[in-house]
Amino acid sequence: MATPKDTVWPREGHTGAKHDLLRRYLQAWLPILLRWNSRVTYAEGFSGPGVYEAGEPGSPIIALQTFCQYPDALAGRQAHIVLVEERQDRADRLQAELAAATCGMPTVPVGLRIHPVLAGDCADVLADALNDCDAPGNPMFVVLDSYGGPDIPFTLLQLVARNKSSEVLLTFQPQFLTRHGQRDTHRANGDAAFGGTHWQGVFDQPSDRKLDYLVDAYKESLRLAGFDYSLAFEMQDEGGHELWLLFATSNVKGVEKMKDAMWAVDPVHSVRYRDPRDPGQMLLEIETTPYAVPLERILLVRPADGAQTLDELRDWTNLKTVYKKGQVLAAVRSLISSGRVGKPASRLEGSTSLSLCSAPVVANDDLTLF
Ligand SMILES: C[S@@+](CC[C@H](N)C(=O)[O-])C[C@H]1O[C@@H](n2cnc3c(N)ncnc32)[C@H](O)[C@@H]1O
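Residue 255 is where the sequence shown starts when you use our numbering, and the numbers rise one by one after that.
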């Protein structure tokens, strides 16, 4: 989709899904964080106008609504909302939408502090805004939902990652770099976003590998910035529009909660997910228990040295794929019964060692027929 020019624009399918995911994740994140911390911050660097053409709320309003859902968790606590938007017309509209949303709330928790929307470039403004209100000393949830850039400074990621309870959710649309990154100025922008030159290997990749290569390179950047874990998945809506979402955290529970939110997104938004590790590149419908055949393929081709236990595979799956831990047992059973994994000598339990042989890369479901 072309970058919108008007102050407000129509909401795309995957934006609705992204909002549903955000709401669900914040509903899990907020009460947990507020139990252990006297203060949390929600921040956005690319906030938008706070509303879409048909009146649907934008992400900052969703965050505000979620904070207002938990007045008890906020009792005696503080929650700050810090928002940056480059365009003055959108920043003004967002300020008005925030005012209207708070007026419409039955209760606005006393501890909720909505900072005035800052009109400016995220790269110039957000880090200072967070430092000015002492946000980095406490957990932050930072949404960086740009049009692709590259326009998120690596130093901003480092600032967020410094607090081990902070997390970031960002949209990643690296097509610009695959097309134009070899030019000197864009190469420098790429280095600033990735925090190094490791992404430049993309120029040697075949065209069908370039995007996945950059996603992996950015996951590495998130690790270098200080996040222990990251999750990447592609969303595709009905119109075939693609959007990459990346989530980074230093908490395993955060990964699990994000997966729960992902797979609970309302199917009405008609998005499907793709795990970049699936050699079959299959798009998955949103279901409580995602279709497991791609997981079987992923387990067979995952980089590993020799045998691993079932529990190790569960942890690996949770941290490295879009799948949940709870699905690994069924996938391993299916691999064993189809002869693609050797039958273990003893009963299959967490500590059972499995020797997964590598499988040929097949681009569709036929693998299940082996
Ligand atoms: C994808 S929209 C954000 C939508 C919003 N997060 C939501 O879900 O409702 C991206 C926004 O970032 C703004 N923007 C673009 N470049 C920016 C920059 N360098 N700094 C801050 N905002 C920027 C655009 O004006 C646009 O409103």
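We put the CB at the ideal spot given by N, CA and C, even for glycine.
In this text, all values refer to a predicted model and were calculated from it rather than measured experimentally.
**Report entry** Any non-hydrogen atom of ligand 1 closer than 7 Å to Gly625 Cβ
**Finding:** Absent from the structure is residue 625, since the part of the chain shown begins at 255 and ends at 624.
Report task. Compute every distance between the C-beta of Arg341 and the non-hydrogen atoms of ligand 3, then say whether any falls below 7 Å. Result -> No copy of ligand 3 appears in this structure; the ligands present are ligand 1.
**Report entry** Terminal residues of the alpha helix (DSSP H) in which Ile316 lies
**Finding:** Its alpha helix (DSSP H) spans residues 313-322.
Query raised in the report: Between Pro311 and Ser301, is the Cβ-Cβ spacing less than 8 Å?
Result: If you check the CB distance, Pro311 and Ser301 do not come in under 8 Å.
Report task. Starting from the N-terminal side, write out each stretch of the beta strand (DSSP E) that is 3 residues or longer and does not extend beyond the region 486-562. Result -> DSSP runs (the beta strand (DSSP E)) wholly in the region 486-562: 496-503, 526-528, 537-539.
Requested in this report: Flag this pair as touching only if the region 387-398 and the region 357-366 have three or more C-beta atom pairs under 8 Å; answer yes or no.
Outcome: Of all C-beta pairs linking the region 387-398 to the region 357-366, fewer than three are shorter than 8 Å, placing the two stretches out of contact.
Query raised in the report: Apart from the five residues on each side of it in sequence, which residues of its chain come closer than 6 Å, Cβ to Cβ, to Val506?
Result: If we look at Val506 and ignore the five residues flanking it on each side, it has no Cβ neighbours.
Query raised in the report: DSSP state of Gln575, grouped into three classes?
Result: Per the sequence presented here, residue 575 reads as Thr, with Gln not at that position. Thr575: coil per DSSP, three-state reduction.
Query raised in the report: Using DSSP with H/G/I as helix, E/B as strand and the rest coil, what is Gln332?
Result: In the three-state reduction of the DSSP assignment, Gln332 falls in the strand class, which pools E and B.
Query raised in the report: In chain order, what residues of the same chain lie with their CB nearer than 6 Å to the CB of Met536, ignoring the 5 residues before and after it?
Result: Taken in chain order, the residues that qualify are Pro548.
**Report entry** beta strand (DSSP E) segment containing Glu351, residue limits
**Finding:** Element bounds for Glu351: not the beta strand (DSSP E) but the alpha helix (DSSP H), 342-357.
Query - Close Cβ partners of Arg341 (< 8 Å) along its chain, the five nearest in sequence each way excluded - result: Listed in chain order, the non-local C-beta contacts of Arg341 below 8 Å within the same chain comprise Thr261, Ala373, local neighbours out to five positions each way being set aside.
Query - Presumed contact (8 Å Cβ cut-off) between Pro303 and Arg277, rounded CB distance - result: Incorrect: roughly 18 Å between the Cβ atoms, too far for contact.
Query raised in the report: Can the beta-carbon of Ser504 be found less than 8 Å from the beta-carbon of Asp482?
Result: Yes; because the gap between Cβ atoms is below 8 Å, this pair is in contact.
Query - Tyr467, buried or exposed, once every other Cβ within 10 Å from all chains shown has been counted against 16 - result: So Tyr467 counts as buried.
Query raised in the report: Going by the CB atoms, is the gap between Gly449 and Ser475 shorter than 8 Å?
Result: Remark: C-beta atoms of Ser475 and Gly449 approach each other more closely than 8 Å.
Query raised in the report: Within the present structure, is the beta-carbon of Ser591 separated from the nearest heavy atom of ligand 1 by less than 7 Å?
Result: Result no, Cβ not under 7 Å from ligand 1.
Report task. Taking the CB atoms as reference points, tell me whether Phe426 and Leu500 lie closer together than 8 Å. Result -> Contact: yes.
Requested in this report: Can you give me the start and stop residues for the alpha helix (DSSP H) that Ile590 sits inside?
Outcome: Membership of Ile590 in the alpha helix (DSSP H) is indicated by the continuous run 582-591.
Query raised in the report: Which one of Ile286, Val371, Thr295 has the shortest CA to CA distance from Asp346?
Result: Nearest to Asp346 by C-alpha distance, out of Ile286, Val371, Thr295, is Val371.
Query raised in the report: Is the beta carbon of Phe300 within less than 7 Å of some heavy atom of ligand 1?
Result: It does: the Cβ of Phe300 is within 7 Å (strictly closer) of some heavy atom of ligand 1.
Report task. Could you tell me the distance, in whole angstroms, from the CA atom of Phe321 to the CA atom of Ala297? Result -> Taking the straight line from one Cα to the other gives about 13 Å.
**Report entry** Sequence-distant residues of its chain with Cβ nearer than 6 Å to Arg265 (five each side left out)
**Finding:** The answer, listed in chain order, is Tyr306, Glu310.
Report task. Determine the extent of the beta strand (DSSP E) in which Phe426 is found, giving its start and end residues. Result -> Start and end: 421-426.
Query - Own chain partners of Gly270 with C-beta closer than 6 Å, once the 5 adjacent residues on each side are dropped - result: Apart from the 5 residues on each side of it in sequence, Gly270 sits with its Cβ closer than 6 Å to the Cβ of His523 in its chain, given in chain order.
Report task. With distances taken Cα to Cα, identify the nearest neighbour of Asp529 among Gly391, Ala515, Tyr545. Result -> Relative to the Cα of Asp529, the nearest Cα in the group Gly391, Ala515, Tyr545 belongs to Tyr545.
Report task. Express the C-alpha separation of Arg477 and Ala282 in angstroms, rounding to a whole number. Result -> Computed Cα separation, rounded: 24 Å.
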